[in-house]
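Protein chains in written order, with the numbering used here: chain A, 944 to 1124; chain B, 23 to 632; chain C, 42 to 281.
Built from N, CA and C at the ideal position, the CB exists for glycine as well.
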Amino acid sequence: MNDRKKVRIASCSLAGCFGCHMSLLDIDERLFDLLDLVEFDRTPLTDIKHCSPCDVGIVEGGVCNAENVHVLKEFRKNCKVLVAMGACAITGGLPAMRNNIDLWDCFQEVYQYEGGLEGGRIPNDPELPLPFDKVHPIYEVVKVDYFLPGCPPPADAIWKFLTDLLAGREPKLDYEQLHYD
Amino acid sequence: MEPCEFPHIGEHLAPIMERHGGDATRLLQILREVQDCFHFIPPEAVSCIASHLKLPRAQVEGVAGFYSFLSLSHQGEYRVLFSDNITDNMLGKPELMQYFCNKLWVEPGKVSEDNLVSVDSTSCTGMCDQGPAALVNGWPLTSLDRNRLDLIAELIRMKKPVAEWPAMLFEVRDNIRRPGMLLGEPFEPGAGIRAMLARGAEATLSEMDVSNLRGRGGAGFKTASKWSFCHAAIAEEEGSMICDVGGNPERFIVCNADEGEPGTFKDRVLLASYADLVFEGMTVGARVIGARKGFLYLRGEYRYLLQPLEAVLARRRAAGLLGENILGETGFAFDVEIRLGAGAYICGEESALIESLEGKRGRPRNRPPFPVTSGYKGRPTVVDNVETFACAARIAEKGGAWFAAMGTAQSTGTKILSISGDCARPGIYEYPFGVTVEEILRDCGAEDAHAVQVSGPSGTLVSWQEYGRRIAFEDLPTAGAFMVFHRQREMFAAAHNFTRFFAHESCGFCTPCRVGTQLQKKIMDKIAGGHGTPADLEELKHLGHILGSMSHCGLGHSAANPVLDTLRKFPGTFERKLKALSFEPAFDLDGALETARKITGRDDEWAHLS
Amino acid sequence: MSKTITIDGKTIPFMDGQTIMDAALAARVYIPHLCHNPEFKPHGSCKLCTVKANGRLVSSCTMPACEGMEVENGTKELNDERRDLVRMLFVEGNHLCPTCEKSGNCQLQAVAYCLGMMSPRYNHFYPQREVDASHPDVFLDRNRCILCELCVRASRDVDGKNVFGLSGRGIGSRLVVNSCSGRLGDSDFAVSDKAAQVCPTGAILIKRQGFKVPIGQRIYDHKTICQVESQGKTGGEEDE
Ligand SMILES: Cc1cc2nc3c(=O)[nH]c(=O)nc-3n(C[C@H](O)[C@H](O)[C@H](O)COP(=O)(O)O)c2cc1C
Ligand code: SF4
Ligand code: SF4
Ligand code: SF4
Ligand code: FES
């Protein structure tokens, strides 16, 4: 086992809630089995800031702002296989509920009516990622190889998916593992 | 609720409602008149009409929302709709429309602030031989150029009623370039009916059979068979069903004058100058199937023909060619009512047409049953194209063998083509079936033609390598459109225009076409914007397959034809537009940040995406 | 009952006047469908029930069965196309299943699971659609409406009320309500209407029922729609 080259995996959360990553941790003791097979690159677990060449990239969350695009493109460039994990990455998910609201109304509600830190002004700090008109699923921005639906995908689904993928099988979920909610 | 804008609407509507009686099948006609009156259909009018016709309000709203010449929101007092066919575009429509909008300070698709004018595009108005064309409050404007648009803008600013505009703006020429047995030979009104009465209805059906006339509306179904199916349906019923007062169960004959296929305008000319031939054919058909009532379903774009056609009908009634005891034959009664459409290509599909005649949303019915057994009001109905009826009149007059001697074995008679696009002499050409594309191109003065769109967007794209092909049901079937493209034209633009047409005209009933035509259009927009990739071409092919196989009616089935034909015959026109990359985002990333840039006032490096 | 058709090779009896779908439902053979409900007149709009009958693609809910007809239903080709139709229905509306009370009981979702839809694949339209909460007992959320017109038919043909209708055209088609304001609360709609019970999706939802059945215990959580439907309404019986 040890002399086999480990599969390098990166993951990130864009416009998501980290729920999918929490669900990944829910595979519990199987994490140790997983760690036998894989090593982690940039993930919320490792504190590596940029993604380097990897075998698999797993993206949680949709694309809601310019920074998401930079991260997503970096993943696409570095990962041989890119996986959209969870409802947000696949449909926009909960963040896409704002797609029915005018962006101007969003800003006003957040910064002007609520007062807040900026004293009623809309911030124009270049450090802040600029939001898109609408939230989009990641496959509308880069090519995506696999989809793992669920909000979040159940731990068993993630396990089944990853073990299939690592074994070189076409990932296939059982009926009860396929959920959009 | 908002305060009522038209509290006394009932009084305004009373004369309209009275004219149409309480007849719910006239709902569309009523809505057209209300639109003319108010320049939109006020919500109060919807309620008022509903209660008058005893229809659910939602149904009236449903019909008003379906047709593009009706509007549930305010439109300008002057509504100018530019014909968006590819031929109008090739004649400069986009620039002219922008010029006109600038002059009147109005954005395309919007209403000016003073509610005076709105400007938008509409599907082909059937004036391709004298484009660019437009409609103002439903009346056709032809041969538009900057001078004419200056004048029109001035008339609008002066609030001059359209009825008082100079007649030359509305001049529509026939442009008959090559007449044949339909257009070239004199016809004496009544000759066909007289010959039929002498021969008998049954024998006339045999003549129709011998003539081997096939429908001119596109599908090419043998007309005699359709008529005898209708006959059979009636015979079957008569055995079992209660008959109406006349002794016959009701049945109907319908002339399909919807002519919505872009690039087609031959029915326009037949109705403008050969209406007797058309009504004569309907009367012959009526005798054969035993119908007492006929309809002419006239596309809204041709409303300018309504009064002249009514005049022809009146003349025919006076001459004893319509009405009771036609030509003295006791019990032979038939009359024609003209009903107008209101901007919906789908209403050319026969079952959608029947729905529309009944005053409903124009959505194609499930089949079976077919109209010949269950059509208008559930009664046996024959629907035929304008030109088909014109042929039928000639056959009644001169016999089936005479007709069958023209054309080819499988495609007898002549075909009227409406020729437009890159040629010296656009207009109407009548040929015996079997003529080659090459001959036609020579006749109309098309030099260096690269391709021809035969039978409109739902037809076939013929490339320069195929000019030996023949106009005939066995090779190139056509409803009449023949649009020529010069070598320097970008064929992608034509395909793009046609996908826009289908997306606009899908009735929305079935999933594959409602959504698929939109997806197709979005991909074509993306490619046109320079963001297409080879993956998008694969997606187009895939969508084409779903549209073709899963759609409910002919519109969806053929909605991908232009894209698929162009991909096959002119792949270069797509490839030149593609990015070498394998993937491009579905939307304009930088453009999608524009709103946020405006709100925050930012324009720094991080506020942009390349 | 002498006349028969075959569906994927299996012989199935039918009576004159029955459609392919009628015969299939009676024999508990599942043909995917969304706009069909045997209690109402067939509609033929979703096209999920498309089958190949004697080599021709037809909508099984509207096509009359005829003696000896050979029907292909469960082929990969058909299911691939059906999956694409389901995807189209997802992207043309706003289907955020995690926020939807119908999740787990939703036929659109169930058909998508059954056909193994892993992603909507097409680009989302994210249309602006109206939510109507004006009625005391019922929500109408057009974001989830798939225009199947089951509510239209139920209200018209069973309730005799015509509460619903369709307006607009093409992609602009939308469900409208029969009241001057256009709001459900101003119509004569009642929670006891048949039309309140027939929506295959979460577009028509009865208020104050939220999460009565927990997620995980809903109709399609453990059984596919194919299994549920092939067991029939009475349930429990084994399929030959
Ligand atoms: C989307 C669609 C549009 C059509 N438009 C027309 C039309 O404008 N005029 C016409 O005569 N037939 C049209 N047709 C064909 C009619 O459905 C029908 O076949 C025809 O009117 C029959 O007449 P015919 O046998 O004389 O050709 C259309 C069909 C489809 C599917
Ligand atoms: S194919 Fe298009 S036009 Fe025909 S019924 Fe379907 S949606 Fe309507
Ligand atoms: S209606 Fe069905 S598919 Fe749509 S959001 Fe609700 S559960 Fe999901
Ligand atoms: S509200 Fe429900 S039942 Fe009515 S048309 Fe929409 S999806 Fe169908
Ligand atoms: S179930 Fe037959 S078309 Fe919808």
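Between the region 35-46 of chain B and the region 66-77 of chain B, the count of C-beta pairs closer than 8 Å reaches three or more; the two stretches touch. Within chain C, the C-beta atoms nearer than 7 Å to that of Q540 of chain B come from I212, in chain order. Neighbours of N1067 of chain A across chain B, judged by C-beta separation under 7 Å: T622, G623 and R624.
Sequence-ordered contacts of the region 73-85 of chain C with chain A are nonexistent [C-beta pairs closer than 7 Å].
The nearest non-hydrogen atom of ligand 5 is less than 7 Å from the C-beta of L89 of chain C. Under the 8 Å criterion on CB atoms, E111 of chain C is classed as non-interfacial with respect to chain B.
Taking a C-beta cut-off of 8 Å against chain C, the contacting residues of the region 1065-1097 of chain A are K1077, H1079, P1080, Y1082, E1083, V1087, Y1089, F1090, L1091, P1092 and C1094, listed in chain order.
The alpha helix (DSSP H) runs of length 4 or more contained entirely in the region 959-1030 of chain A are, from start to end of the chain, 962-968, 973-980 and 1009-1021.
Close to F1050 of chain A, with beta-carbon spacing below 9 Å, are these residues of chain B in chain order: A618, I621 and T622. Contact of W628 of chain B with chain A is assigned, a C-beta pair being separated by under 8 Å.
One Cα belongs to R951 of chain A, the other to G1111 of chain A, and the distance between them is close to 14 Å. Residues lining ligand 3 by the Cβ criterion, that is a Cβ closer than 5 Å to any of its heavy atoms, are C:H136, C:C138, C:C141, C:K143, C:S144, C:C147, C:L149, C:Q150, C:R185, C:T242 and C:G243 in chain order. DSSP places W1047 of chain A inside the alpha helix (DSSP H), whose first and last residues are L1046 to F1050. In this chain, the alpha helix (DSSP H) harbouring A86 of chain B covers R79 to F88.
In the DSSP annotation of this structure, the continuous segment of the alpha helix (DSSP H) that includes G566 of chain B starts and ends at P556 to M572. Between ligand 5 and C76 of chain C, a heavy atom-to-CB distance of less than 7 Å is present. Distances between the C-beta of V585 of chain B and the heavy atoms of ligand 1 are all 7 Å or more.
Within 7 Å of the C-beta of G240 of chain B there is not a single heavy atom belonging to ligand 2.
The beta carbon of A86 of chain B sits closer than 6 Å to those of L53, I63, L92 and L94, all from its chain and outside the five residues before and after it, given in chain order. Per DSSP, the unbroken beta strand (DSSP E) holding G316 of chain B starts and ends at K315 to L320. Closer than 8 Å to the CB of L1116 of chain A there is not a single CB belonging to chain B. Using a CB distance cut-off of 8 Å, L1121 of chain A counts as an interface residue toward chain C. For F192 of chain B, no beta strand (DSSP E) segment is defined, and its DSSP state is neither H nor E.
Taken in chain order, the complete beta strand (DSSP E) segments of 3 or more residues contained in the region 43-131 of chain C are 45-48, 51-54, 91-94, 97-100 and 111-113.
If you check the C-beta of C102 of chain C against ligand 5, you find a heavy atom less than 7 Å away. Note: Y1123 of chain A is not bridge-paired with any residue in the DSSP secondary-structure output. Close partners of P607 of chain B in chain A (Cβ separation under 8 Å): E1083, V1084 and V1085. DSSP places I266 of chain C inside the alpha helix (DSSP H), whose first and last residues are I266 to S271. If the five residues before and after S101 of chain C are omitted, its C-beta is found closer than 6 Å to the C-beta atoms of I61, M62, I72, C90 and V92, all from its own chain and listed in chain order. Interface annotation for the region 1031-1045 of chain A against chain C: I1033, T1034, G1035, G1036, L1037, A1039, M1040, N1042 and N1043, criterion Cβ-Cβ distance under 8 Å. Counting C-beta pairs with one atom in each stretch, the region 238-256 of chain C and the region 1092-1111 of chain A have fewer than three that are closer than 8 Å, which means they do not touch. Look at the region 451-477 of chain B and you find these whole runs of alpha helix (DSSP H), each 4 residues long or longer: 459-465. If you draw a straight line from the Cα of D121 of chain C to the Cα of V1006 of chain A, it comes to about 28 Å.
Contact between the region 1027-1039 of chain A and the region 956-968 of chain A is established, with three or more Cβ pairs separated by less than 8 Å. Taking a Cβ-Cβ threshold of 7 Å, the residues of chain A close to L631 of chain B are A1009 and V1012, in chain order.
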